[in-house]
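In case it helps, this note's numbering puts the sequence shown at residues 3 to 289.
The beta carbon of each residue, even a glycine, is placed where N, CA and C say it ideally should be.
Since this is a predicted model, take the numbers as computed values, not measurements.
Accompanying notes for the structure given below.
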Amino acid sequence: MKNIGINVNTTKDLNEKMLNFIIEDIHSIDKNVNIKVYRDCVGLDENESDTLDIIIVLGGDGTILNTSKNVLRSKTPILGVNIGHLGFLAQVEISNVKTALERLFAGEYTVEERDMLQCSYDDGNKIRKYDGLNDVVLCRKVNSRIQRYDIYINNTFYNTFRGDGIIVCTSTGSTGYNLSAGGPIIHPSLNVLCLTPMYSQGLTARSIILDSSSLISITSRKEFEDVYLSVDGQLCIKINGLNPLKISRSENKRRLIKFSNNNYFNTLKEKITFKVKGYEGEIYEGN
3 MKNIGINVNT TKDLNEKMLN FIIEDIHSID KNVNIKVYRD CVGLDENESD TLDIIIVLGG
63 DGTILNTSKN VLRSKTPILG VNIGHLGFLA QVEISNVKTA LERLFAGEYT VEERDMLQCS
123 YDDGNKIRKY DGLNDVVLCR KVNSRIQRYD IYINNTFYNT FRGDGIIVCT STGSTGYNLS
183 AGGPIIHPSL NVLCLTPMYS QGLTARSIIL DSSSLISITS RKEFEDVYLS VDGQLCIKIN
243 GLNPLKISRS ENKRRLIKFS NNNYFNTLKE KITFKVKGYE GEIYEGN
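Here it is in structure tokens:
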């Protein structure tokens, strides 16, 4: 491992104390490693990523998702170091970064390939396409009235939901916005898509788990106002909801570094239960 990129979220590391700490740790393991620093993804794109052996992301889940967007087609693996909120996508906490780096240089890790989503729609001039690791969300404006959304799966009508919007997520993204909207937690080894209505008026409105090869098409009745498209929470675009938003599995994959001691269920316990209860002022009763 000779070329390492570090993408740091400057809002979470204002004085670059964490960044310098990691650089010092890397050089204490191998002083000949070339390190290139990117701040808030500036200068980091697919071509730049291909010159690197690994990208270390210093921030939270949003920073990892933003990095993923910038290096979309790159095969370079990403290692997340959490200095954010939950950091569910991150494999490393800043408290044990030295040990993690030693294991990284010793080759004691695997690379997971996670499915991504692609959404497309006709804006009247061209077909726009966007890829995401977590989710695609079609929703109303905050201060507008609820909308009606027609859902088609593999060109067959599925249902109409009246509510705030529709979330389609990967298994990776199931613990994000989908979970907040009442959707299920899905193990990342499952190659599926999950469609979750957002706060629908219908009591029978529930999530549905679909094969990852499914094609989902969503249109809005546009009874009141335009609807908005969000991909991984990294962009928000007003679109004409009368034109179908088509969502399917992307051809791109996101490669993430994984250490063997990071058990998924322990991560759920620590980051979904323990941290959330801690932020809410409750005591976690587990071990």
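Would a C-beta distance cut-off of 7 angstroms place residue i and residue j closer than the cut-off?
{"i": "I57", "j": "I31", "result": "no"}
{"i": "I169", "j": "D133", "result": "no"}
{"i": "T12", "j": "D42", "result": "yes"}
{"i": "N193", "j": "S214", "result": "yes"}
{"i": "V216", "j": "Y151", "result": "Going by the sequence as given, residue 216 is Ser instead of Val. No, the pair does not count as a contact, with Cβ atoms beyond the cut-off."}
{"i": "N101", "j": "N9", "result": "The sequence given here places Thr at residue 101; Asn does not occur at that position. No, the pair does not count as a contact, with Cβ atoms beyond the cut-off."}
{"i": "I249", "j": "C121", "result": "yes"}
{"i": "I211", "j": "I153", "result": "no"}
{"i": "G165", "j": "P186", "result": "no"}
{"i": "I96", "j": "G82", "result": "no"}
{"i": "Y123", "j": "L205", "result": "no"}
{"i": "T2", "j": "K260", "result": "An answer regarding residue 2 cannot be provided, because it is not within the stretch 3 to 289 covered by the chain."}
{"i": "C196", "j": "S176", "result": "yes"}
{"i": "G119", "j": "S202", "result": "The identity of residue 119 in the sequence shown is Leu, whereas the question assumes Gly. Not in contact: L119 and S202 (Cβ atoms no closer than 7 angstroms)."}
{"i": "V229", "j": "G243", "result": "yes"}
{"i": "G7", "j": "K38", "result": "yes"}
{"i": "I1", "j": "I155", "result": "Any answer about residue 1 is impossible in this case: the structure gives the chain only from 3 up to 289."}
{"i": "K143", "j": "E227", "result": "yes"}
Taking the alpha carbon of residue i as the point to measure from, which residue in the options has its own alpha carbon closest?
{"i": "V139", "options": "E114, I129, G178, D125", "result": "G178"}
{"i": "G126", "options": "T65, M3, K240", "result": "K240"}
{"i": "G64", "options": "F107, V35, V39, K14", "result": "K14"}
{"i": "H189", "options": "V83, R116, N22", "result": "R116"}
{"i": "K255", "options": "E114, A92, N268", "result": "E114"}
{"i": "A207", "options": "G167, S176, S219, N265", "result": "G167"}
{"i": "S76", "options": "V83, N156, V94, L258", "result": "L258"}
{"i": "K108", "options": "N34, M3, S252", "result": "A quick correction: the sequence has Ala, not Lys, at residue 108. Checked all of N34, M3, S252; the closest Cα to A108 is M3."}
{"i": "L54", "options": "E227, F267, N36", "result": "N36"}
{"i": "S262", "options": "Q93, E26, N34, G89", "result": "Q93"}
{"i": "N5", "options": "I28, M20, E18, K19", "result": "I28"}
{"i": "K19", "options": "E104, L60, V44", "result": "L60"}
{"i": "G160", "options": "L231, N265, S209", "result": "With the sequence shown as reference, residue 160 is identified as Tyr, and Gly is not the correct amino acid for it. Residue S209 is the option with its Cα nearest to Y160."}
{"i": "S49", "options": "S176, G62, N72, K224", "result": "First, the residue type needs correcting, since residue 49 is Asn and not Ser in the sequence shown. Nearest C-alpha to N49: N72."}
{"i": "I24", "options": "K271, E104, V44, H87", "result": "E104"}
{"i": "K131", "options": "T174, N157, L74", "result": "L74"}
{"i": "S173", "options": "T158, S191, N157, V99", "result": "S191"}
{"i": "C171", "options": "L135, K143, G62", "result": "L135"}
{"i": "I129", "options": "E272, N264, N245", "result": "N245"}
{"i": "N22", "options": "L270, H87, V99, T158", "result": "V99"}
{"i": "Q149", "options": "T162, L16, N265", "result": "T162"}
{"i": "E110", "options": "N17, N264, T158, N34", "result": "N264"}
Can you name the start and end residues of the alpha helix (DSSP H) that residue i belongs to?
{"i": "D117", "result": "Where D117 is concerned, there is no enclosing alpha helix (DSSP H), although the beta strand (DSSP E) it sits in stretches over 112 to 124."}
{"i": "R105", "result": "99 to 107"}
{"i": "I8", "result": "It is not in any alpha helix (DSSP H) - I8 instead sits in the beta strand (DSSP E) that spans 5 to 10."}
{"i": "D27", "result": "19 to 31"}
{"i": "T269", "result": "266 to 269"}
Where DSSP assigns a beta bridge to residue i, which residues make up the other side?
{"i": "D133", "result": "Q120"}
{"i": "L81", "result": "I58"}
{"i": "K375", "result": "This structure gives no information on residue 375, because the portion of the chain shown stretches from 3 to 289."}
{"i": "I75", "result": "Note that residue 75 is Arg in the sequence shown here, rather than Ile. R75 is not bridged to any residue."}
{"i": "K14", "result": "Paired residues: none, contrary to the question."}
{"i": "K255", "result": "D117"}
{"i": "E95", "result": "N84"}
{"i": "L140", "result": "I168, L231"}
{"i": "K224", "result": "Beta-bridge pairing links K224 to no other residue."}
{"i": "L195", "result": "T172, L212"}
{"i": "K260", "result": "T112"}
Hey, could you find the ends of the beta strand (DSSP E) residue i is sitting in?
{"i": "Y201", "result": "Element bounds for Y201: n/a, residue is neither H nor E."}
{"i": "I211", "result": "210 to 213"}
{"i": "L2", "result": "Here the chain covers residues 3 to 289 and nothing more, so residue 2 does not appear."}
{"i": "I239", "result": "238 to 241"}
{"i": "Q149", "result": "149 to 155"}
Less than 7 angstroms between CB atoms is the rule here; does residue i satisfy it with respect to chain C?
{"i": "I259", "result": "The displayed structure is made up of one protein chain only, and chain C is not part of it."}
Complete beta strand (DSSP E) runs within the segment 36 to 70 (minimum length 3 residues, chain order): 36 to 41, 56 to 61
Start-end ranges of the beta strand (DSSP E) lying completely within the segment 158 to 189, minimum 3 residues: 158 to 165, 167 to 172
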